[in-house]
Amino acid sequence: MSSPSQILSALSAPSDLPILVQSLIISIRPHLSSQTNTNQTFLPSFTSSLPLGHESGTVLAVDLGGSTLRVAVIRLEAGKQTLLARKEWGIDDAIRQMEGGGFLGWVSGRVAEVVVGREGDFIEINGMGLTWSFPIEQTAQGTGRIMKMGKGFRMWEGMEGEDLREKLEAALRERGITIPLLSLLNDTTATLLSHAYTSPRTRIALIVGTGCNAALPLPVASLAPEKFQDRPLAWMKSAQFVLVNTEASMLGGGIFPLTPADETLDRESEHPGYQPFEQLTSGRYLGEVVRLTLLEAGMKAEGRWTFPSALMGAFESDADGASARFSTLYGTVLGEEEKQFVADVCKAVATRAAAFIAVLLAALYKISGERGDVVVACCGAVIEKHPSLRGQCQEFLDGIMGEGRIILEVAEDSGLMGAAVGVVLARDEGGKPRL
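Take 1 as the starting number for the sequence shown in full-length UniProt numbering and just add one per residue.
Structure follows, in structure tokens:
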């Protein structure tokens, strides 16, 4: 059993973050320019431009996530995003269990609640954009082949490999809706487009919630040709840059220092070694790292996945309330020293996550070839709601890169807004990556 001081020392954020940045860059380069993980990391989208802020139009935006469906009609004009209508619905297990046509029928019914009967208000809708927070084999800017979805969803069953746009538009036509799907984005790319529309220096999107991911524009020439093997020749001739989904969760193996708790977490995971970066930074895993660390110290904290990551922030902002919750979870009353130790572990795990996220962002900045100051559009429960993590990440970035070089900004409602921006870009082909 390790002593509390040894445990906290092992959890401390490393002092050599610039060295970690260089090590991460070296480990990333094969993902870009060779066939290493060609179909797993640094996945190019079909979007080859960033908004300039002057694009305009009225758009139907749909944001489908693991727990929520959001539908809105949005007007874009002169860098402003105006919500004309918006509704959202929770997705429970009964909905997740709907197969193919039943699930898309449910989605189309919710879209109808927003637009049917208000055609006079929305007569100038230019098209529909969809933020799809699930795996998909994208085949064009507005569609892709349906893949196994995960997160308990069964919609893909009976539809795997079929064209998503065809299926969704058919379901909408049954409701009398004939708005074409023009843009299909994953949640990270949507975050990038959303914030770039109103903040023109945005060059990276970062999501830190249940998972952790990032997106950025990269030169097409910097990526392995195998990543573009199904692209139309016209697209390849015209695109100089492309927005890339890094799948950052899979990066960093062997780069970042690990504690015994980290090693136990990975060893007991379903796919050891599969998501090394996510295990160190995301809401899915941070609470479990805390729990395993407390076990290492000899404390009572039995039961895998029983320490919610949200409780980490509570120990920073309301230690007494968090301590009471801990007692309920584990049937033990914390003394003052134990309460302080749990709070210190929570703080250390969050601080370390902030440092490693800063390393990722600095590495992506350097890989992109950027020279000026950039904005990182952030969203996700961990980066938005944890009381100190985002601020600490900014401090680490300032230390690595110099103050003001990489600035973190929260991207509000990015799934919907990004879907809307994707439509006007697909329609106009007018935006140019300002790189």
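Ideal Cβ positions, reconstructed from N, Cα and C, are used throughout, including at glycine. Keep in mind that this is a model prediction, so the values were computed, not measured.
- With respect to SER183, ALA419 sits close: the two C-beta atoms are nearer than 9 angstroms.
- Taking one beta carbon from each stretch, the stretch 393-412 and the stretch 327-337 have fewer than 3 pairs nearer than 8 angstroms; the two do not touch.
- By the 16-neighbour rule on beta-carbons within 10 angstroms, GLU88 is exposed.
- Put simply, of PHE326, ALA85 and PHE315 the residue whose alpha carbon is nearest the alpha carbon of ALA348 is PHE315.
- Counting every other CB atom within 10 Å of its CB across the protein chains shown gives ASP262 a total of 16 or more, marking it as buried.
- Secondary structure note for SER183: its beta strand (DSSP E) is the uninterrupted segment 181-185.
- Considering only SER9, ASN213 and VAL59, the residue with the shortest C-alpha distance to PRO180 is VAL59.
- Rounded to whole angstroms, ALA10 and ARG291 show a C-alpha spacing of 15 angstroms.
- The shortest C-alpha to C-alpha distance from GLU169 to any of LEU104, ILE26 and VAL421 is the one to LEU104.
- Going by DSSP, PHE241 is part of the beta strand (DSSP E) stretching over 241-245.
- Where VAL342 is concerned, the enclosing alpha helix (DSSP H) starts and stops at 336-368.
- When Cβ pairs closer than 8 angstroms are counted between the two stretches, the stretch 333-347 is seen not to touch the stretch 266-274, the count staying below three.
- In the assembly as shown, LYS227 is a buried residue. Its beta-carbon has 16 or more other beta-carbons within 10 Å.
- The Cβ atoms of GLY209 and VAL382 lie closer than 9 angstroms to each other.
- Of the candidates SER67, VAL111, ALA85 and GLY79, the residue whose Cα lies closest to the Cα of ASP92 is SER67.
- If you draw a straight line from the Cα of ASP187 to the Cα of THR131, it comes to about 6 angstroms.
- Measuring C-alpha to C-alpha distances from ILE204 to each of VAL421, LEU408 and PRO14 identifies LEU408 as the nearest.
- Rounded to the nearest whole angstrom, the C-alpha separation of GLN240 and SER2 is 53 angstroms.
- Judged by beta-carbon spacing, PHE326 lies beyond the 9 angstroms limit of ALA355, meaning their Cβ atoms are not closer than that value.
- Nearest C-alpha to VAL111 among VAL374, LEU193, ALA61 and ILE146: ALA61.
- Boundaries of the alpha helix (DSSP H) harbouring GLY105: 100-115, taken from the DSSP string.
- When DSSP states are grouped into helix, strand and coil, GLY161 belongs to the coil group.
- Cβ-Cβ distances below 7 angstroms link PRO260 to GLU296 in the same chain, with the five nearest sequence neighbours on each side left out; the list follows chain order.
- Taking 9 angstroms as the cut-off, the beta carbon of SER108 is found closer than this to the beta carbon of LEU172.
- Fully contained in the stretch 59-104 are the following alpha helix (DSSP H) runs of length 4 or more, in chain order: 93-96.
- Nearest C-alpha to GLY101 among ARG165, VAL423, PRO18 and GLY127: ARG165.
- Remark: C-beta atoms of GLY57 and LEU84 do not approach each other more closely than 9 angstroms.
- In summary, ALA78 is exposed, with fewer than 16 beta-carbon neighbours lying within 10 Å of its beta-carbon over all protein chains present.
- By the 16-neighbour rule on beta-carbons within 10 angstroms, LEU233 is exposed.
- Here ILE25 carries a helix assignment [DSSP, helix/strand/coil].
- Under the 10 Å beta carbon count, GLY127 is surrounded by 16 or more other beta carbons and is classified as buried.
- Only residues of its own chain outside the window of five on either side were considered, and among them LEU334 and LYS339 have a CB closer than 7 angstroms to the CB of SER323, listed in chain order.
- For GLN141, the three-state secondary structure derived from DSSP is coil.
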